[in-house]
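A.B. asks: Quick one: the structure is below, questions incoming.
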Amino acid sequence: MKTPGLKTIRATLVDVDYVTKQGRPVIRLILKKKRFFRLFDAEFEPYFYLMPQGKDFKAAEKALMAVSFSEKGQKVTVKRVEEVKMDALGKERELLKVVCHHPSHVPLLRDKVAHVGTLYEHDIPFARRWLMDKRVSPFDKVEAEYAQEGRQVRAVKKVGEGSTALRTMAFDIETYNPKGEPDSSKDPIVMISEAIADPAGGKPHGHVITFKHSGGMKFVKVVESEKKMLEEFCRQVKEQDVEMLLGYNSALFDLPYLKARAGKLGTKLALGRDNSDFRSRRRGLNEVAKITGRIHVDLYPIVRFLGIIGALKTTQYTLSAVYAELVGRQKEKMIKKIDVWRMWDDNKMREELAEYSMNDAISTVEVGEKVLPMEFEMSRLCGATLFDVCGASTSQLVEMLLMRRAGEKNMLIPNRPRDDDAKLREGPVKGAYVKVPQAGIYENLAVLDFRGLYPSIICSYNIDPFTVDCEDCKNDGYKSPSGHWFCKKRKGLVPTVLNEIIDRRAELKKELKKLEKEGKVESAEYSVLFAKSQALKVLANSYYGYLLYVRSRWYSREGGESTTAWGRYYVQEMEKRAEKEGFKVLYMDTDSLFLQLGGKKKEDVMRFLSEVNKTLPEKMELELEGFYPRGLFVMKRGSERSLEKDETPAGAKKKYALLGEDGRIKIRGFELVRRDWSRIAKDTQMAVLQAILKDGSKEKAIAIVKERVEELRSGKAKMEDLVIYTRLRKSVGKYDIISPEVAAVKRAQKEGVKVEEGSLIGYVITKGGKSVSEKAQLVERAKDYDANYYIDHQLLPPVLKILGELGYGEDDLKMMGKQAKLGGW
DNA sequence: GCGGACTGCTTACCT
DNA sequence: ACAGGTAAGCAGTCCGCG
């Protein structure tokens, strides 16, 4: 495509946003070739769709064109109206496309034209709309034709996959904090560290900028004052031509603090390419910050997101905890944040503080290297900027992708429900099936599960809000066990997109396997493919939840109900077949079956799998999760009594331990995987489990328990092993019931301790008081501990449950409990 | 007034 | 501010007993 007077550039599209110039919106692109390169699009017009009430399109058009009003000094009118045909809410319809002068007019017009008809797509962010309509995504390689004058884009198209390599700097600040929390109106920033990522994948390197001598290390740069330090930091960002700036909680802490100090000291925080600082914007619950001409990414919300979807095991989201898990080793330098001010004041400690600070910035880069690849892929996939994707919830990601595909298919995007409509969608939906296990120890188990059960059902049965109970397919649609049926003629958007995701992921997994065979696990190619596969997995697993999410655009209660109904049907069908084959089905949860092999062999399991898979719909597959020499299900609390009647003891659901063939133990649901149990209880339960599953030795197990009881009783237990952690989800006053953690917080608050809503509370049960709540004290304030509580309520119950399965009689266990109470060991 | 049974609130887990 | 299913502890209440 060559047009006279136009230039062409091939580069990676990195970012899109818009500004207003002389009242008109101008799309701004950042492309990257060697450096960032800006292009503009002043021609792109904001618009929305309108479905007129009644059939009179001409009258509607007239009414729209007649709208004219002023708001905040600007005149608002409709620029143009076009008639369009779209696949709208399940059928072909005519609609009006209403073109406006400015994106900010859309919400203003919304109310003024509501009487003409129903509005659609009136809340699509303008830059995203541009990406959708131009059919390009961030991190695509694009070819753009532009007029040299004003760098106006005339045409843009995707020509391949772009590079995600950006010049990346991470930064971190240390603040003076004599009061615990720093106060930006008084307390200076004492150090700023910055680390530059090595494009070749090596260790990051960087500097610490400070204004007092901090040891003789090379990386420390001493300037005269705090003000000079801020200026030096900005100068570095500029000089290094930083394209991506990373921080950890930088949107909420570092950047605002830097800005406040800059204001106080009479200087500017010139981080942007236009020397501006940053702009904060609320998004959902969290705040995000944009820096002009660079990509600022706060890793904290990303890490939280990974935690929520279960990709991270840590329950603490401090940089060091996250670093330890992601990078696989402890951070080199650890200090307590409370000590920063003391270290700064101490000439001998300042060097250590500088090392710590440097280390924080370096760790931030490394955490970024672990979590960003998936975000890049998500951005490419959903056609939304990194800014939009980072820290977005799974429902937002699913929705971004659906909206994008809807646009490509000329399908109208359904509206998000209003608050009151969302309320109407509330109400219970029957979910998965869970089989009650029989408590006991078993030998030779096989665990089977359906690969991606819900996604495969949604695809196989075309489950979508606009295919459900379709009139044409009343008699020959896909009939779900819940009584609804789904169209066989038109494929819904949800299953279409989900299908693409599943197929693409299957391809990627093949490629990954191939690379694994070639020993290329460490290669860059492998990590890119892995990140893609991760992004697809996150999305695929979110569609079912999204169907039932009351605020979703593609909500379908019937679809969700049918998905779980089919799920229950298939997993129970597999149970019947397995039993018929001669396996005993011990336990099932949602998509999995635990078989007891009994006299049968592994080959019988494999044969069973291939047999049943022949009969399942194409997208559905039952897989072998693994073989386990031993497994344990424990009694449900309170079901001990039924033992007297010689009934089979009912096991607890969602609690089991399996011994793998490799000797590893897989544990689900036990106290020892919960953070609201003390470490001593969890460690002991683990030790007992090991002794029993691995060694089959109850003597060993009992010895461990005795030892720990003695430790507690004699007062030798370490405080840190006694802490119970619980999240304080509401503010203290809002609780109907004063549980131990709430009582502990209340007591601490009375003495001036500040506890934030949503923070993790660590408390210890002490000797003072009658009820557990009265005895609870925050760990920092606890002086002693109540040995009896820890023995009877923490240590013994979890282990007795396990020992109970070893034929260790109930009476023996009771004795052990009593003896513990009496201290008679 | 007491203790046991039960309910409801709450958290964190499983898939 | 993605879904439902589940265990479990503690507070608080109810109830029978005396």
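Add 1339 to the 1-based position in the first sequence for my numbering, that's all there is to it. Think of the CB as a built atom: it goes at the ideal place given N, C-alpha and C, for glycine as much as any other residue. None of these values were measured; they are calculated from a predicted model.
1. Return the CA-CA distance between L1763 and I1840, expressed in angstroms with no decimal places.
2. On the CB-based measure, 16 or more other CB atoms within 10 Å of its CB, does E1421 come out buried or exposed?
3. Exposed or buried, what is S1931 when buried is set at 16 or more other beta-carbons lying within 10 Å of its beta-carbon?
4. Taking the alpha carbon of A1996 as the reference point, which residue from E2049, A1778, A1650, E1384 has its own alpha carbon closest?
5. Do you know offhand how far E1983's Cα is from L2028's?
6. List the DSSP bridge partners of M1974.
7. Which of the three DSSP states, helix, strand or coil, is assigned to K1919?
8. Per DSSP, what kind of secondary structure is R1755 in: helix, strand or coil?
9. Using 8 Å as the Cβ pair cut-off and three pairs as the minimum, do the segment 1579 to 1596 and the segment 1500 to 1516 touch?
10. Tell me, please, which residues DSSP counts as bridged to E1962.
11. Could you say which of P1756, P1521, L1692 lies nearest to M1530 if we only look at CA atoms?
12. When you compare only the Cα positions, how much space is there between R2003 and E1626?
13. What is the C-beta distance between K1629 and R1620, in whole angstroms, given that I count them as a contact (C-beta under 8 Å)?
14. I1647: buried (16+ other C-beta within 10 angstroms of its C-beta) or exposed?
15. Going by the beta-carbon positions, is the gap between S1523 and P1712 smaller than 8 Å?
16. Start and end of the alpha helix (DSSP H) containing F1805?
17. Quick check on F1379: buried or exposed, where buried means 16 or more other Cβ atoms within 10 Å of its Cβ?
18. How is the beta strand (DSSP E) around C1439 delimited, first residue to last?
19. Compute the Euclidean distance between the alpha carbons of A1486 and G1770, then round it to the nearest angstrom.
20. Below 8 Å on the Cβ atoms is my guess for E1846 versus L1854; work out the distance and round it to an integer in Å.
21. Can you name the start and end residues of the beta strand (DSSP E) that I2104 belongs to?
22. Can you look up R1892 in the DSSP assignment and give me helix, strand or coil?
23. Below 8 Å on the Cβ atoms is my contact criterion, and I expect G1990 with P1776 to pass it. Report the Cβ-Cβ distance as a whole number of Å.
24. Would you be able to state if there are at least three C-beta pairs under 8 Å between the segment 1802 to 1810 and the segment 1883 to 1897?
25. Whether or not the segment 1829 to 1840 and the segment 1933 to 1953 are in contact is what I'm after, with contact meaning three or more pairs of Cβ atoms, one per stretch, closer than 8 Å; do they touch?
26. Taking the C-alpha atoms as reference points, what is the distance between I1780 and Y1967?
27. Apply the 10 Å Cβ neighbour rule to K1876 and answer buried if 16 or more other Cβ atoms are within range, or exposed otherwise.
28. In chain order, what residues of the same chain have a beta carbon less than 8 Å from the beta carbon of K1551, not counting five sequence neighbours either side?
29. Since I believe P1527 is in contact with A1534 (beta carbons under 8 Å), could you give me their beta-carbon distance rounded to a whole number of angstroms?
30. Closest to I2043 by CA distance: which of A2026, K2057, Q1873 is it?
31. Can you give the Cα-Cα distance for E1962 and F1947, rounded to whole angstroms?
32. Between I1797, T1733, V1889, E2080, which lies nearest to D1758 when the distance is taken from Cα to Cα?
33. Just mark H1454 as buried or exposed, buried being the case when its beta carbon has 16 or more other beta carbons within 10 Å.
34. Taking the C-alpha atoms as reference points, what is the distance between K1994 and D2015?
35. Got a sec? Which residues, its chain only, sit under 7 Å from R2120 by beta carbon, not counting five neighbours each side?
C.D. replies: Straight from the coordinates:
1. 31 Å
2. exposed
3. buried
4. A1778
5. Unreliable positioning characterises E1983 in this predicted model, as indicated by a pLDDT of 48, which lies under 50. The coordinate reading is nonetheless provided below. About 26 Å.
6. G1990
7. helix
8. coil
9. yes
10. D1788
11. L1692
12. 42 Å
13. 7 Å
14. exposed
15. no
16. Per DSSP, F1805 belongs to no alpha helix (DSSP H) and is neither H nor E.
17. buried
18. 1430 to 1439
19. 57 Å
20. 13 Å between Cβ atoms; not a contact.
21. 2099 to 2104
22. coil
23. 4 Å
24. yes
25. no
26. 12 Å
27. buried
28. V1529, V1561, W1683, R1689
29. Wrong, their Cβ atoms sit about 22 Å apart, outside the cutoff.
30. A2026
31. 10 Å
32. V1889
33. exposed
34. 16 Å
35. A2087
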